[in-house]
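Numbering (this note's numbering), first residue to last: 11 to 517.
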């Protein structure tokens, strides 16, 4: 950075929710044109701090200085008008409106009493060019775009509104490798033009790559505020975040040579989503699926689970050809699926931790008169909360009051109320901190050791390489490579995922 001009300063910020201190005497400094990464475990206070900066929450005490002026934001719109924009992990879009409408909603350009569509189109094209998105999408509805492109449109909206500070909350958790690389270049260009970026991520390697400085929060307290990436490494960051050393090597070698094949998939196809998918799965095996967004992995899993119907192909399960016509049929066979989007596809907001955990297995708790044995149900829930170290004030707590990592644990535990034969985990650690991620990896290894067959679908290269006994790579709906654990390399997997390995070259 050429200049150390301070643009934002938070001093002695406190925030308490229901008797719990979310932020305890937190101070932060942000300089013009820098990337400040804020890292910490789920529940460390990062989201609360960002909401205060973006005007969505007000501190109980402390001061905020913006360009040397003491300010008090009354709303997100107030912060936006002062040049502070935030893009959340899940882009907050109006899916049935066009790109132009999404960029200008609430900030329309008018020509007298009518809207100036020509001027808004021109300004939209200018903003799209700044984030390397084709201007042809300007009139398209947002729902027709990939999630990655939607996120870039949100960044374009921030630029159109002359943002000085851009807050990015887990921006790459929903992006492909190529989209992530594109985002990195855009961030570099933005900071070069003087925009300051606050970057939130659980992916420590990208934090080390992008940051000028790193700030660490733990339990609402700043434990470090001026770490230089060149003076640290992933292990040190993780230890500072968690307050303890974390073993990143969770894989446990197992002899699967005599294990029974529990599932065989042959030439499974669905519309234009995936074609001719064939693989086998053994008891106690962890089979990884890797591929870029849109490669067909999740769609394949939903067909196996019975959420959607296949066009052709067969699934042999425990020696018998099956047709899962619904998730209920799959569950009856002890074949379970944890979806990739816990908020939309997995959790029931407005309901309790316990209700979210036991909802799929209420039949297990029925008594003689077909009523639910609440004592038995509550014991199973309490046992899981204790075993999987879910941080909650109790099973009756509202599910959305938990941190993202603990919400993920609840969703994970839903499928462990009863012992599965096959468990499909779709993006099991997306958007959660490294400590919780390692815990879930340990649970996967425990399940495999007990004989459960596990399929892990992940866009996280380090994750898929860490836990897999075998790894299948998909590209544009087809399997293009398969690796035994001893043959897995980052370069080989990525080359296959990018389509640089032809299907004919598969072993």
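All residues carry an ideal CB built from backbone N, CA and C; glycine is no exception.
Predicted model, so just to flag it, every value in this text is computed and none were measured.
Asked                                                                                                          : Found
Straight-line gap, residue 418 to residue 393 (C-alpha atoms, nearest Å)                                       : 17 Å
Three or more C-beta pairs below 8 Å linking the region 224 to 241 and the region 49 to 60                     : yes
Start-to-end residues for the alpha helix (DSSP H) that takes in residue 276                                   : First-last for residue 276: 271 to 280, but that is the beta strand (DSSP E), not the alpha helix (DSSP H).
Anticipated Cβ contact below 8 Å, residue 272 with residue 458, distance rounded                               : Residue 272 to residue 458, Cβ: 12 Å. No contact.
Inter-residue CB distance, residue 60 and residue 179 (contact presumed, cutoff 8 Å)                           : 6 Å
Buried versus exposed call for residue 136 [16 or more other C-beta atoms within 10 Å across all chains shown] : exposed
Extent of the continuous beta strand (DSSP E) run through residue 22                                           : 16 to 27
Sub-8 Å separation of residue 151 and residue 222 beta-carbons                                                 : no
Option nearest residue 460 by Cα separation, candidates 431, 356, 289                                          : 431
Complete runs of the beta strand (DSSP E) confined to the region 55 to 129 [at least 3 residues]               : 71 to 76, 79 to 81, 94 to 97
Cβ-based neighbour list, residue 252, same chain, cut-off 7 Å, excluding 5 preceding and 5 following           : 51, 445
At least three beta-carbon pairs within less than 8 Å, the region 36 to 43 to the region 202 to 215            : yes
Segments of 3+ residues assigned as beta strand (DSSP E) that fall wholly inside the region 289 to 360         : 296 to 300, 322 to 327, 330 to 332, 345 to 348
Three-state secondary structure (DSSP) of residue 406                                                          : coil
Segment limits, alpha helix (DSSP H) that includes residue 394                                                 : 384 to 397
Closest by C-alpha distance to residue 187, when choosing among 172, 304, 91                                   : 304
The beta strand (DSSP E) enclosing residue 39, as first and last residue numbers                               : 30 to 41
Min CB distance residue 319 to chain B below 8 Å                                                               : Absent from the structure is chain B; it holds one protein chain and no more.
Residue 434 - DSSP class collapsed to helix/strand/coil                                                        : strand
Beta-carbon gap between residue 58 and residue 19 smaller than 8 Å                                             : no
Cβ shell of residue 72 (< 7 Å), same chain only, five flanking positions each side left out                    : 20, 21, 22, 23, 24
Environment of residue 361 [buried if 16+ CB atoms lie within 10 Å]                                            : exposed
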